[in-house]
Amino acid sequence: MDEPLSPTPIKGALQSTIPIEPIQLQGWVRTRRDSKDFSFIELNDGSCLRNLQIIAKNTLPNYAALQRLTTGASISVRGALVASQGKGQKWEVVADKIDIVGGADDTYPLQKKGHTPEFLREIAHLRPRSNLFGCVFRVRSRLAFAIHQFFQERGFVYVHTPIVTGSDCEGAGELFRVTTIDCDYTKDFFARQTYLTVSGQLEAEAFALALSRVYTFGPTFRAENSNTSRHASEFWMIEPEMAFCDLNGNMDLAEEIVKYLITDVRKCCPEEMELFAKFVDKELLARLDFVVERAFQRISYSDAVDLLRKSGEKFEFPIDYGLNLQSEHERWLTEKHFKCPVTVFDYPKEIKPFYMRLNDDGKTVAAIDLLVPGIGEIVGGSQREERLDMLEENMRGHKMDPADYKWYLDLRRYGTVPHSGFGLGFERMLMFITGVSNIRDVIPFARTPGSAEF
RNA sequence: UCCAGCGUAGCUCAGUGGUAGAGCGGUCGGCUGUUAACCGAUUGGUCGUAGGUUCGAAUCCUACCGCUGGAGCCA
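Set out below in structure tokens:
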């Protein structure tokens, strides 16, 4: 009876310019309403935000069962895509056959309306079926694609740096240990202590000094006991690394990619962005447009310190040269003073890692932090120390033994060049673009201290 | 890890020492080309967990767990 008919994604059906008959659809019931002689079924398949309205007439043989369909059930529909008689949608499907693929009983936790992100987080396996999270994860996918597109268009080579690493001192916090046994690491799987990577930067530098412009994009792990809306134990990071590139080139690229990614998602995910603007953050679109249009502010650390001192603002924490800028200081710069993304550069060497290049003043290093309103630091990077003797000295200053980093120092022994790079937090970028304020809500199954469910 | 707040029905919340509540959802019935439909009825609870105070604890105290906001660390 059923001639084979390949299913049409709901996104495609809704974009159709002509009626289609027959049409095959499959998806999950979002809601159902009864009318006198038929039932309206709102069908969603995740291909887009919108649902497709299915008309199930009471002449269908399984109409009684269809009337018992509840939110969450999966169905397969064959029918005709026709112009809708009702208001609110262009198309609807008059069904001539509806198969109930998988029922959902009344314990299905998702209702038609109003769930908090906190509740949905507890049912992370079902939340992609909600409007908000469907949008977040479609945008996540698009953003990942746009990142590759950005770099590939510019001749960067994608490098897969190791996830299991022996580098235990990359200056980026606590590491997860990788082991198959308890104590003697010389007899362990890798015959040495290994960890999950906290950054692919050191390895990316090796490839940049061969392929000129490279980037990494992969998972990163930090075992810090951070309990904030902006930190996760497992997250994704983008790390470009460019040979023959100084700090200015680095700042240019950071600004360019932030603008590119916003522009791409604005263009490719308009319905999702509309939903975020409506339900997550009313000022989102205006803020993103502003960011794309204006040049980012650039200010040296010492000028930023002066500006903060003269601001007249009462800060909880002291501002002084040599101290790290506190969150409240960064917020003031980006949210109150400049009201746009701000790149702060040339930080005191004492508060930055060993690999950053010492400036001619002998006091600062060529570091950058790109701060955005609402999120804070979204990019951290630097020009790398390419001079062998200076790098060894920096290592000793950071109580590291240069002998442990022979391969990294080799990069300075053989054909060293000035080079720069940065780390862009993928989830932080996604938060900035969607307006979603908790990092746990932009990761499919978030890992945070004390929490690794699913 | 530190500071503050919160934890009551499937969900959102009210209840501040004396019989456990509402709205939404679900279920049943009615109405209806509906749109977070509407109308009526009905269903629904180990008040986060474990101790303690009290004649009596959702309510007061202690510890723990979880969540939220802020801080530190950073992306």
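Position 441 of the first sequence, counted from 1, bears residue number 1296 in our numbering, the numbering being contiguous throughout.
Yeah, the Cβ is synthetic: ideal placement off N, Cα and C, and Gly gets one too.
- Counting along the chain, HIS1274 sits inside the beta strand (DSSP E) bounded by residues 1274 to 1280.
- In this structure ILE1093 is in contact with PHE1281, their Cβ atoms being roughly 6 Å apart against a cut-off of 8 Å.
- Of all C-beta pairs linking the segment 975 to 995 to the segment 1290 to 1299, three or more are shorter than 8 Å, placing the two stretches in contact.
- Excluding its 5 nearest sequence neighbours in each direction, PRO864 has C-beta neighbours in its own chain below 7 Å: ASP900 and SER902, listed in chain order.
- No Cβ-Cβ contact shorter than 7 Å links VAL1012 with VAL1053.
- Distance check between ALA959 and each of SER1182, SER929 and TYR1210 places SER929 closest, using alpha-carbon atoms only.
- Positions of the alpha helix (DSSP H) runs, each at least 4 residues long and wholly inside the segment 978 to 1016, are given as 986 to 1008 in order along the chain.
- Two segments are said to touch when three or more pairs of C-beta atoms, one from each, lie closer than 8 Å; by this definition the segment 1111 to 1129 does not touch the segment 1156 to 1173.
- With a cutoff of 7 Å on beta-carbon distance, ALA1063 and HIS1253 are scored as not near each other.
- In the three-state scheme derived from DSSP, where H, G and I count as helix and E and B as strand, ASN1082 is classed as coil.
- By the C-beta criterion, the segment 910 to 926 is judged to be in contact with the segment 877 to 885, since at least 3 inter-stretch pairs fall below 8 Å.
- In its chain, beyond the 5 residues on either side, ALA935 have a beta carbon closer than 6 Å to the beta carbon of GLU876.
- Scanning the segment 874 to 936 from its first residue to its last, the whole alpha helix (DSSP H) runs of 4-plus residues come out as 918 to 922.
- The beta carbon of SER939 lies closer than 8 Å to those of GLN908, LYS945, TRP946 and GLU947 in the same chain, with the five residues before and after it left out.
- Secondary structure note for LYS952: its beta strand (DSSP E) is the uninterrupted segment 946 to 957.
- If you draw a 10 Å sphere on the C-beta of TYR1050, you find 16 or more other C-beta atoms in it, and that means buried.
- Secondary structure of ILE1294 (DSSP, three-state): helix.
- Distance from the CA of PRO1095 to the CA of ASP1107, rounded to the nearest whole angstrom, comes to 12 Å.
- In the three-state DSSP reduction, THR1198 falls in the strand class (E or B).
- ALA1098 has its alpha-carbon roughly 11 Å from the corresponding atom of GLY1270.
- In the structure shown, the three-state DSSP call for GLU1241 is coil.
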